Structure formats: structure tokens, C-alpha cells
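*Asks:*
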Amino acid sequence: MAPSCSKAVVGDTVIDVAPLEVISLQRLLENDENERGRLEHAATSLGFFYVDLRGSQQYLNDVGQLYTTTERYFTQPHEYLTRDFHENDEFRGYKGGKNWGSLEIPRDDIFDQNKPLPPAFQLDSATVKRFIGSSHEMAHTILGQLSKSLWPGSEAWLEEKHRIGEKSKSSLKVYRGPALARRVDVGDNTHTDGGSLTLLYTNKWGTQVELPWNKEWAWIEAKPEHAIVNVGDTLQALSGGKLYSCRHRVSQPVDGFEERWAVTYFFRPEDGTQLAPLRIVSH
Ligand SMILES: O=C(O)CCC(=O)C(=O)O
Ligand SMILES: [Fe+2]
Numbered sequence: 038m039a040p041s042c043s044k045a046v047v048g049d050t051v052i053d054v055a056p057l058e059v060i061s062l063q064r065l066l067e068n069d070e071n072e073r074g075r076l077e078h079a080a081t082s083l084g085f086f087y088v089d090l091r092g093s094q095q096y097l098n099d100v101g102q103l104y105t106t107t108e109r110y111f112t113q114p115h116e117y118l119t120r121d122f123h124e125n126d127e128f129r130g131y132k133g134g135k136n137w138g139s140l141e142i143p144r145d146d147i148f149d150q151n152k153p154l155p156p157a158f159q160l161d162s163a164t165v166k167r168f169i170g171s172s173h174e175m176a177h178t179i180l181g182q183l184s185k186s187l188w189p190g191s192e193a194w195l196e197e198k199h200r201i202g203e204k205s206k207s208s209l210k211v212y213r214g215p216a217l218a219r220r221v222d223v224g225d226n227t228h229t230d231g232g233s234l235t236l237l238y239t240n241k242w243g244t245q246v247e248l249p250w251n252k253e254w255a256w257i258e259a260k261p262e263h264a265i266v267n268v269g270d271t272l273q274a275l276s277g278g279k280l281y282s283c284r285h286r287v288s289q290p291v292d293g294f295e296e297r298w299a300v301t302y303f304f305r306p307e308d309g310t311q312l313a314p315l316r317i318v319s320h
């Protein structure tokens, strides 16, 4: 039976809250078989789940610091932001509009090429590096457990497409908005993520998922000390459709919603990876 939504009240509006399972990073690191099964269930049903990060204090502090830096970045005059605009580059730099914006910083720019960060982030370059390094490692842990669960006893098929030293489009991406006077003015931005896994940190309502069992939209609650993780199109393709890349969008639950910041890490495959099934899933 499909799990049901809980309810929350925002202002004078009652909203549906998506039933995300909670997976323990610690247990995944311990190679716990039961947790691996729970992870597989979450990643093949809704495709969105929480990862409990309690115990990863340095990382949680870094996420907190990045919210502060994100706010500092987006509250600069608009002409400063547009200096970070890279035309025709889908995976790098600033993009924005009236009440929203994003800035993407590729992992390879930081670790391989030592490219300078935008000035607002330079003070925090150690935090940015640690966040990217740890997020990549965490995503790799989740990937390894998914691989083991889908193809028990065989080679690490998914890891083969995400080798640590290889070039990829993995990146840190931070967001502002939406925060509009009228909720109905938020444009439709329904999409699936193209990469392998997305890690999302936010402290406000904003993300909505389309529940695959009834096609209804539900809000994702921001849970302190937990990452919101979702499967992207790459893992869906590599697993022959077994892992589920869920449609989602960003909106605001009520009119005049306050400013929202989000910090994400897009874990993407090695450059050149073909979006085709790797092996038939054995169960
Ligand atoms: O800001 C969010 O809540 C999610 C952003 C998102 O879905 C994306 O960038 O792919
Ligand atoms: Fe997304």
C-alpha cells in the first residue's frame, strides 16, 4: 500500500507533506544489510529520501556556513552577480532573474584546476572544499550501497561510472528564492535531475515532489541535520529503470513567503557515461 502524506500548517494554509523514508549514513558506512535494503526501497519507490547526518558535525557546520555565504552572495548588487555569468555553460556560474538566482561551482574547477571562487565565497574556500569533498564521498557511499543492493555479489557496476579521479560535472550549486508576493506568480519549473544523486540542504518549505503512486504534489519538509537526497536520470538509466528519478519542482506554499536559501550538491557521472542500462537487475 502506498504511504500517505502527513499535513502541516503554513500561515493559514494546510499542505500535504511527502512521506520520505529516513536512511542512516552511519549504518550505510557500516555496510548494514538491513539499511541497504531500506535504501533500495526508498530509491526505487519515491526516489527521494532523507539521510540522517547526526554525528557528522563538521559537515553540518559547513552546511550552516554555506547558507550564510549564500545569503551574502545573493544580497550583493545585481551587477556583481552577473560577473559570474558564463554564457552557454549549463554547469557553471550564476543564473538568475528577479527573485531567484543560482550559482554553480564545479568540483573539478576547485580540485583539479584551482580556479578562483567568486569573491563572496573566497573567505570560505576551506569550507567550500570540505563540503564538496565530503558530499562527493557521501554520494559515493550511497552509490556503492545501491550498486551492491541491485547487483549482489557482482562487481561495483555503478562505481565504475563514478571513479573518484575521473572528470565529471559534479558541482556545488546554491540557490536563492522563490519569494514572491503572490504564490501563483511562481513559474512552473517541474523537472527531473539529470545527474546521479542530488543532495539538498534547505531550512524552508519550497521543494515539492510528484508522488508516483497518485501523481499528486506534496511538499518536502526541511529536517534539521538531514540531507534530502534524490535519484537522478543517470541512475535511473544505468539501472534500467529500477531506480526512480522523481519529478519535482520548487515553489512557495503561501503568498509573500520569506527569503529561502538552498545548498545542493549534484553528484554526476564521469564525463562520457552513456545513459544505458549497465546490467539486467537481478531481482
Ligand atoms: O531548491 C530546491 O529545493 C531544489 C532545487 C532543484 O530541484 C534543482 O536544482 O534541481
Ligand atoms: Fe531538481
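Throughout the sequence shown, residue numbering follows the numbering used here, covering 38 to 320 in sequence.
Quick reminder that beta carbons are idealized off the backbone N, C-alpha and C, glycines included.
Computed from a prediction, not measured in an experiment: that's the story for all the values here.
(1) Rank A55, D270, N226, L65 by C-alpha distance to the C-alpha of A39 and give the top, closest one.
(2) What is the DSSP secondary structure of F85, counted as helix, strand or coil?
(3) In angstroms, rounded to a whole number, what distance separates the CA positions of Y110 and G130?
(4) Is the beta carbon of D225 within less than 6 Å of some heavy atom of ligand 3?
(5) Taking 6 Å as the line, does the beta carbon of G243 fall inside it for any heavy atom of ligand 1?
(6) For my contact list, L62 and F85 are in at a C-beta cut-off of 8 Å; report their separation, rounded to the angstrom.
(7) D270: beta carbon under 6 Å from a heavy atom of ligand 2?
(8) Would you tell me roughly how many angstroms separate the C-alpha atoms of E141 and N98, rounded to the nearest one?
(9) At which residue ranges does the stretch 91-117 contain complete beta strand (DSSP E) runs of 3 or more residues, listed in the order of the chain?
(10) Under 7 Å between the Cβ atoms of A255 and L183?
(11) Is the distance from the Cβ of L280 to the Cβ of Q273 below 7 Å?
(12) Under the assumption that K260 contacts Y87 (Cβ atoms under 8 Å), give the Cβ distance between them as a whole number of angstroms.
(13) Heavy atom of ligand 1 less than 6 Å from the Cβ of A80, yes or no?
(14) Counting Cβ pairs closer than 8 Å, one from the stretch 157-170 and one from the stretch 183-194, do we hit at least three?
(15) Quick one: measure Cβ to Cβ for L187 and S282, integer angstroms, because I've assumed they're closer than 8 Å.
(16) Should V291 and V47 be called a contact, given that it needs their Cβ atoms to be closer than 7 Å?
(17) Quick one: grab the DSSP three-state call for Q245.
(18) When you compare each of E295, S207, L154 to D230 by their alpha carbons, which one comes out closest?
*Replies:* Walking through what the data contain:
(1) Among A55, D270, N226, L65, the Cα nearest to that of A39 belongs to A55.
(2) In this structure, F85 counts as strand in the three-state DSSP scheme.
(3) About 12 Å.
(4) This structure lacks ligand 3; its bound ligands are ligand 1 and ligand 2.
(5) Yes, the beta carbon of G243 sits closer than 6 Å to at least one heavy atom of ligand 1.
(6) For a cut-off of 8 Å, the C-beta gap from L62 to F85 is around 16 Å, too long to register as a contact.
(7) False, no ligand heavy atom lies under 6 Å from that Cβ.
(8) In this structure, the alpha-carbon of E141 lies about 20 Å from that of N98.
(9) Correct list: empty.
(10) Cβ atoms of A255 and L183: not closer than 7 Å.
(11) In this structure, Q273 lies closer than 7 Å to L280 by Cβ.
(12) K260 to Y87, Cβ: 6 Å. Contact.
(13) Distances between the C-beta of A80 and the heavy atoms of ligand 1 are all 6 Å or more.
(14) No: fewer than three Cβ pairs fall under 8 Å.
(15) Contact doesn't hold; Cβ gap of about 15 Å is too wide.
(16) Yes, they are a contact pair.
(17) Of the three classes helix, strand and coil, the one that applies to Q245 here is strand, per DSSP.
(18) Taking only the C-alpha atoms, the option nearest D230 is S207.
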